[in-house]
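Inspection log for the structure reproduced underneath, given as structure tokens.
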Amino acid sequence: MEINILPTESQALLGATHELVITHADLTAAATTQTLIVSIPNGSWVKGGFHILDTEFVSPSSTSLAYEVGDDTDPNLFMTSTEVDAANVGKVTYKEPTPGAGSVGQGKAYTGQDTIDILFTGSHNLNLFTAGALRYYFNLVELDRLS
Numbered sequence: 436m437e438i439n440i441l442p443t444e445s446q447a448l449l450g451a452t453h454e455l456v457i458t459h460a461d462l463t464a465a466a467t468t469q470t471l472i473v474s475i476p477n478g479s480w481v482k483g484g485f486h487i488l489d490t491e492f493v494s495p496s497s498t499s500l501a502y503e504v505g506d507d508t509d510p511n512l513f514m515t516s517t518e519v520d521a522a523n524v525g526k527v528t529y530k531e532p533t534p535g536a537g538s539v540g541q542g543k544a545y546t547g548q549d550t551i552d553i554l555f556t557g558s559h560n561l562n563l564f565t566a567g568a569l570r571y572y573f574n575l576v577e578l579d580r581l582s
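When you read off a place in the sequence shown, starting at 1, and then add 435, the result is the number in the numbering used here.
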């Protein structure tokens, strides 16, 4: 998983400060679920964003692969379950932010260190995927640095 801080021009254009690039190679679990983690520094504000599916996720026997983005309190705080498997995704390659029911529309402030959790759930072991790439965009501002 690659974490990029976007250039100022891209931040203004996309309304996001960070980009996560996730490919099939990041799915290493010999299990049907795997959580990828992004550390949130103490005193940060986070707001979920949109995703772009660059390449549908494919494996020889897959029928489903979905992911959601949240934290340890609410697993879909920033994005509800989103299908990215080639068998189910259809023609949708862009998805606007779809925060879960417990979300706060203006984002969430973290008073201690925490994590953004990206939970993948598949129909079979995730390490069997042979293709797939997506980009997830979000805002992360270290409020302690602003004071």
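Backbone N, C-alpha and C fix where the C-beta goes; we use that ideal spot for every residue, glycine too.
- In the three-state reduction of the DSSP assignment, residue 549 falls in the strand class.
- Residue 519 is not a Cβ neighbour of residue 471, given a cutoff of 7 angstroms.
- Beta-bridge pairing by DSSP links residue 454 to 439, 572.
- When the Cα atoms are used, residue 446 and residue 454 turn out to be separated by approximately 10 angstroms.
- Between residue 565 and residue 493, the C-beta gap is smaller than 7 angstroms, which places the two residues in contact.
- Around the beta-carbon of residue 457, 16 or more other beta-carbon atoms lie within 10 Å, marking it buried.
- Separation of the CB atoms of residue 560 and residue 467 is rounded to 7 angstroms, and the pair is thereby assigned contact status at 8 angstroms.
- If you compare the alpha carbons of 473, 481, 554 with that of residue 464, the shortest gap goes to 554.
- Cβ contact annotation for residue 578 (same chain, cutoff 8 angstroms, sequence separation greater than five): 478, 479, 480, 544, in chain order.
- In terms of Cβ geometry, residue 506 and residue 549 form a close pair [threshold 7 angstroms].
- In the three-state DSSP reduction, residue 459 falls in the helix class (H, G or I).
- The beta carbon of residue 568 sits closer than 6 angstroms to the beta carbons of 458, 489, 490 from its chain, once the five residues preceding and following it are set aside; these are given in chain order.
- CA-to-CA, the gap between residue 511 and residue 530 works out to about 15 angstroms.
- Under a 10 Å Cβ-count criterion, residue 452 is classified as buried, with 16 or more other Cβ atoms of the shown protein chains found around its own Cβ.
- Take residue 469, set aside five residues on each side of it, and the residues of its chain with a beta-carbon closer than 8 angstroms to its own are 462, 463, 554, 555, 561, in chain order.
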